[in-house]
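When we follow numbering that gives the first Met the number 0, the leftmost residue of the sequence shown carries the number 0, and every step to the right adds one.
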Amino acid sequence: MVARGRRRRGPVWNARQVKALRDHLGLTQEEMAAELGTRQQTISEWETGRYQPRGTSARLLTLIAERGDFPYGPEGEGSTVSDQAQDRDRA
């Protein structure tokens, strides 16, 4: 159970993972930006590490990754985002 007033933290997205997700989905930066309702420049900034997705953007990336069965985990653990969500729900 989550303490009142505290939000569950989802996966943290770094530049390598954002690019890998986009490549996994076969999207251009422009197409991914359209899917997320953001600018192509924002996707570029995430992929170069200038900025990191936060808040709603990070949650949307996680949802897209879950639906696409994208393998996500710290340094190639091989788990998928949906596996991590199930583990988090069990905790």
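Beta carbons: idealized from backbone N, C-alpha and C, even for Gly.
**Prompt:** For residue 71, which of helix, strand or coil comes out of DSSP?
**Reply:** Secondary structure of residue 71 (DSSP, three-state): coil.
**Message:** Comparing C-alpha positions only, which one of 57, 55, 40, 56 sits nearest to residue 49?
**Reply:** Checking every option, the nearest Cα to that of residue 49 belongs to 40.
**Asked** From 19, 15, 14, pick the residue whose C-alpha is nearest to that of residue 68; which is it?
**Response** Just measuring C-alpha positions, the residue of 19, 15, 14 sitting nearest residue 68 is 19.
**Request:** Compare the beta carbon distance of residue 14 and residue 46 with 7 Å and say whether it is the shorter of the two.
**Result:** Going by C-beta atoms, residue 14 is nearer than 7 Å to residue 46.
**Asked** To the nearest angstrom, how far is it from the Cα of residue 55 to the Cα of residue 33?
**Response** Their Cα atoms are separated by approximately 15 Å.
**Message:** According to DSSP, simplified to helix, strand and coil, what is residue 38?
**Reply:** coil
**Item:** Endpoints, alpha helix (DSSP H) assigned at residue 62
**Value:** 54-66
**Asked** Start and end of the alpha helix (DSSP H) containing residue 16?
**Response** 14-24
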